[in-house]
Each structure stands twice: as C-alpha cells, then as structure tokens.
Amino acid sequence: MDVHSAEQAALLERYYLRESAKQVDARWHANGPHSVSPFVPCASGRIPVALRAARLTSSDVLWDLGCGDGRILLQAAAQYGCTCVGLDIDAACVADARAAAAAHAVDDRCTFLCADMMAFARGSLCGDGGWTTLGAAAEEGLGARRLRAPTAVLLFITSHGLCRLSDFLFGEWSRGAMRVLTCVENPNECFDFEAEDALFGGAGGRPSWPVSLAYEEHGIYVVPPCGVEVSEWERSEPMFAPTPPLGQAAADATEVGVLRGLLSDEEMRALLRLGARMQAAEEGGGAEGEGVAAAASAAAGAAEEEGGGLVMDWSAAEDDIVGVAEDAIHSSYAHRVVHLHRGGEVQKEMPRLLERLLSRIYAEDAQRWKLLLGRPVSVRSVELHTYRPGGSVADPQHRDSGSLLTLSVLLSEPSSYTGAKFTYISVGSSEEVVEPQLSCGDGVLFVSEKRHNVSTLETGVRHSFIIELWEGPATRHNRHH
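Heads up: the sequence shown begins at 1 in full-length UniProt numbering, then just goes up one per residue.
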C-alpha cells in the first residue's frame, strides 16, 4: 500500500476504497476484469518530484501508462512543454483527461487514449523511427493512430500491475532509448499478489532492473536509459534543479503576473456559494465553531493594535499556536476568511476548477520564476476573503511567509465597493507601490514573500479568492495544519 503522505492516503480512501466494488464487469473501467490497477490520483506534492526525476525537456515525449485523469501529464505539458501521451483502461478517466487538457490549453501537447496494457504487442513503446501504434491494445478505431514513441515512461500503478507488465517493459526498454519511472514500487521489489512466484529481482526468469534510488523517499524509482549505469545517471545533474526560495529583497524585486478572465461568472458564483455554506456551518457551533471562538483570547494576547488594524507577530510562535490565532483573526466580521480546503471541501466540490488553476500557476511559474520546477509543492491554503467596511490587510509589510506562490482573484465588480485596493511593492531603481487594475474574475499571481496589501474597505463588500502553494505537506484545516 502507498503510504507516501497523508494526501496520498486520502486520495486512496476517496478514489479506491469507496469505489472498488463498482463496475467490476465493465470492459473499459479501472475496476473491470482487464484492469491491472485501480485509479488513485498521484498526490500533488509528489508530481513535481516525479517530473524532476524524469529530467524532462521540451523535446521529450512522456508516456503515462495508467494515466487516470491525466493530472501528471497536464502538469508536465504546462511546466516543461513536452509532448505527452496518456493511456488508461478507464474510459471515464480518459474523457476527463481530454476535457481537462482542453480546459488547461495543453491539448495540443497531450493525447489521451483508452488502452489495455496487457494487450500491448512487442514494439508498442520503442516503435520504429520515433513513431508507434497501439494496434489491438487501443480502443476501437484508434489502433492504427500514429503516436510519438516515448523517451520517458511513467507508471503509477500497483505492485500487481507492475509485475504483470515487467517482461514487456523490460523488452521495450532494452530495445529503446527511454528511461522508466515507477511510483510506489521499486520494480525489483514489486510483488504479484495473485501469483506468488511472479516476483521481480530476476527470480524465475524475471528481469533485474538497474534502479536509481535517488528519489526513494518520495516513492519514485528511476531506471536510466538502457546502457547508462545508475552511478553515471546519478552523477549527472538534472536538467532543472529547484530554484532556491527567494529572500524578501529578491521577492520584492520580482514581477507580478496579471491573469485576465481567470474565472467565469458561474465559477465565481460557485465559490461564493461554497464559502457561504462553510461559513454558516462554522458559525453554527459545534467543535469547529467553538474552537474558533475559544481562540479569540489567545489571539488577542499575541496581537497588538497598530495603525487601526490588528497585526500579528508570528516570529516566535509555534505552528499550532499560530494556526489557532490565525483562525481567530480570520473570523473578524470586517475581514472574514473561510478556508475552502478545510476538510477537503473545495477539492470535493470543485476539483476541475482547482486543477485548472494549478495548471495555470505551474505554466506561469515555468515562464516567470521557476520556483515550482522539481520541488515537492502542495496546496497550502485555498481561501475566500470577504472585506466589509473597516476591513483590510492591516500590515503594510505583509507577506505570505513560508509560501512559494500566491494567486489572488477578484470576485467582486470594482464599482460595487470603494477602498480595499490591492497593491504590491515594486522594487527597481526605486521602491513604489503598484495597484494593478483588475476586473471581476481577474487574478494576480506573485511570489508569496513579495510585500502586498489590501487597503481599508470604505463602502460595499469585496470578495477575493486565494490559493497559496508551499513546499510543506498539503493542509486540511488552515494555512498551518
């Protein structure tokens, strides 16, 4: 069982343990008789590491065998610009992947097909002259479709499925020039629980793979191209090493991305409905509401009045204390914050929206800052901010400390309120305060450590939607837990 992270365990529970008894007789379904692995998405924090381990460039062709809803390939296409081919036996997953590729504007680089991996013929991966076809393994009518042969192959499947594909994969790898990445299982240690003698490691004629363990802590195993020694592979530097996190001065000097028309009217209405429902539940009592109320006195002791606003000094606080205090501050009527990711609500209610926005963030980062490339990044927080008269981000030196990138999307018409101006510090030859001109649905993407602020709201109500990414584990309560 994959125990890589709490996020991965939650995905296993949601996608497999609750769904494994459904459609067990369906031909094109992950639970059907021809499937070698259930559909469980890869944890978001693991994907950048897998892509870094693959050493991708824009000239690569990455195949994902058992691609599910395509999220790994969508990120690969957005970040690295490579060509991607995803194969899965689950028709619904493939349909979702195709729709997501179009929504993420990477459908020109991503191809998704239904395929039965156990029906692959010799040469299906290594191909001929850089091209290949799937033949009888593909869904009806697409067996003769020409596909770019892979330079990298990724498998995020069960030990059972990996064992059953081992001989075929080893043969393709031996004849081609591809590297092979497996998630969860080391290909030399996987085990077919339906056939106890079907072990890797050379026993019974099984192949013995040269495996790099450089990313083993993330459950990622890399087989270099045939003929390349593991030691040689590990000595060579990855194409993209993570950019070191930026200090405050460097962050203030970075550019800001203004993303026009990021959210549709319906998406904004859905976010506001979700926020209203979650806020009502929190304010209705119970453990959640009582916890926020009980934290008020602790928060008051850790805060001080400065310039008419409440400013927290987080520097000496532990994460658990900070989280409780921050919840109390965020329960203010004038500036109310609802954590939409609390309990995984936004992930359950609006998964496609979140995936599309994350894909856009990765694509923008690859063009601007390269802070996310190769880094195990997770969603730190997804928030709905509501400003009413008197509400603001009170600290003129405010930074989203500890996060890497922040996306802020305006959900209100600028004509419906006064004040509450979003500004950031731009540092060039001199330091200046910049106010980007935003319309409803526009977003601002920036390095989280960059100073930014929202001035005091004078009249009306202003809503905004926030996503923060960081290098810590995915949270399920607030920015800290």
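Each residue gets a CB set at the ideal place from its N, CA and C atoms; glycine is no exception.
In whole angstroms, what separates the C-alpha of residue i from that of residue j?
i, j, result
"glutamate 355", "arginine 71", "8 Å"
"serine 166", "cysteine 126", "15 Å"
"residue 483", "serine 401", "The first residue shown for the chain is 1 and the last is 481, placing residue 483 beyond what the model contains."
"arginine 109", "glutamine 79", "12 Å"
"isoleucine 466", "valine 409", "6 Å"
"arginine 235", "glutamate 229", "10 Å"
"aspartate 60", "serine 264", "34 Å"
"leucine 310", "leucine 373", "Legend: pLDDT at leucine 310 = 46, less than 50; position of this residue unreliable, value from coordinates given subsequently. Their backbone Cα atoms lie some 36 Å apart in a straight line."
"threonine 382", "valine 153", "Here the sequence assigns valine to residue 382, which means threonine is not the residue at that position. Approximately 33 Å between the Cα atoms of the pair."
"residue 512", "alanine 281", "With the chain represented from 1 up to 481, any question about residue 512 goes unanswered, as that position is not in the structure."
"valine 461", "glycine 261", "20 Å"
"aspartate 248", "lysine 450", "First, the residue type needs correcting, since residue 248 is glutamine and not aspartate in the sequence shown. Looking at the two C-alpha atoms, the distance is approximately 7 Å."
"histidine 481", "leucine 142", "46 Å"
"arginine 360", "valine 49", "18 Å"
"glycine 289", "histidine 452", "Note that glycine 289 has pLDDT 46, beneath the 50 cutoff, so the model's placement of it is unreliable and the number below is only indicative. Computed Cα separation, rounded: 30 Å."
"glutamate 326", "histidine 477", "11 Å"
"aspartate 90", "glycine 123", "23 Å"
"serine 443", "valine 256", "It is glycine, not serine, that sits at residue 443 in the sequence shown. When rounded, the distance between both Cα atoms is 10 Å."
"valine 433", "isoleucine 425", "5 Å"
"tryptophan 233", "valine 211", "10 Å"
"aspartate 88", "leucine 384", "36 Å"
"cysteine 440", "methionine 350", "19 Å"
"arginine 368", "leucine 445", "10 Å"
"alanine 448", "alanine 474", "Per the sequence shown, residue 448 should be read as serine rather than alanine. Taking the straight line from one Cα to the other gives about 17 Å."
"arginine 388", "tyrosine 362", "32 Å"
"serine 416", "methionine 117", "55 Å"
Per DSSP, which residues does residue i bridge with? Please list them.
i, result
"glutamate 364", "In DSSP, glutamate 364 forms no bridge with anything."
"histidine 463", "Thr386"
"isoleucine 220", "Cys183"
"glycine 419", "Leu457"
"histidine 335", "Tyr387"
"tyrosine 424", "Val434, His452"
"alanine 138", "Ala115"
"leucine 65", "Leu87, Leu155"
"arginine 148", "Trp131"
"leucine 445", "Gly257, Leu407"
"leucine 469", "Val379, Leu405"
"cysteine 110", "Cys84"
"serine 174", "Its beta-bridge partners do not exist; DSSP assigns none."
"serine 212", "Val222"
Within 10 angstroms of the Cβ of residue i, are there 16 or more other Cβ atoms? Answer buried if so, exposed if not.
i, result
"proline 41", "buried"
"aspartate 128", "exposed"
"proline 244", "exposed"
"arginine 52", "buried"
"threonine 406", "buried"
"leucine 56", "buried"
"glycine 219", "buried"
"valine 379", "buried"
"glutamine 437", "exposed"
"alanine 316", "In this prediction, alanine 316 has a pLDDT of 41, which is less than 50 and means its spatial position is unreliable; what the coordinates show is noted afterwards. That one is exposed."
"histidine 463", "buried"
"leucine 213", "exposed"
"alanine 95", "exposed"
"glutamate 267", "buried"
"glycine 130", "exposed"
"serine 338", "Reading off the sequence, residue 338 comes out as valine, not serine. Flag for valine 338 reads buried."
"arginine 46", "buried"
"alanine 77", "buried"
"leucine 185", "Just to set this straight, residue 185 is glutamate in the shown sequence, not leucine. By the neighbour-count rule (16 or more Cβ atoms within 10 Å), glutamate 185 is buried."
On a CA-only basis, which of the options is nearest residue i? Give me that one, please.
i, options, result
"aspartate 192", "Glu458, Ala280, Ser159, Gly247", "Ser159"
"glutamate 458", "Pro414, Ala214, Asn478", "Pro414"
"threonine 423", "Asp395, Gly284, Ser429, Thr83", "Asp395"
"arginine 336", "Thr182, Pro187, Ile425, Met278", "Met278"
"threonine 83", "Leu134, Glu140, Gly141, Pro150", "Pro150"
"serine 332", "His104, Ser392, Gln248", "Ser392"
"residue 484", "Lys370, Gly344, Ala270, Trp470", "With the chain represented from 1 up to 481, any question about residue 484 goes unanswered, as that position is not in the structure."
"residue 482", "Val180, Ala105, Leu142, Ala102", "Residue 482 lies beyond the range of the chain shown here (1 to 481); nothing can be said about it."
"leucine 469", "Val434, Ser403, Ser439, Val427", "Ser403"
"leucine 272", "Gly81, Pro38, Glu471, Val346", "Val346"
"valine 85", "Thr182, Cys114, Trp233", "Cys114"
"residue 534", "Cys190, Gly81, Phe120, Tyr417", "The structure shown does not extend to residue 534, since the chain is modelled only from 1 to 481, so the question has no answer here."
"alanine 328", "Leu353, Glu283, Glu349, Leu357", "Glu283"
"glutamate 217", "Asn188, Ala76, Cys183", "Cys183"
"leucine 371", "Ala138, Thr254, Gln397, Asp107", "Thr254"
"histidine 398", "Gly275, Ala99, Asp252, Glu471", "Asp252"
"arginine 164", "Arg175, Pro187, Ala177, Arg148", "Pro187"
"threonine 111", "Pro376, Arg479, Leu73", "Leu73"
If you scan the stretch 232-276 from start to end, which runs of the beta strand (DSSP E) of 3 or more residues do you find wholly inside it?
257-259
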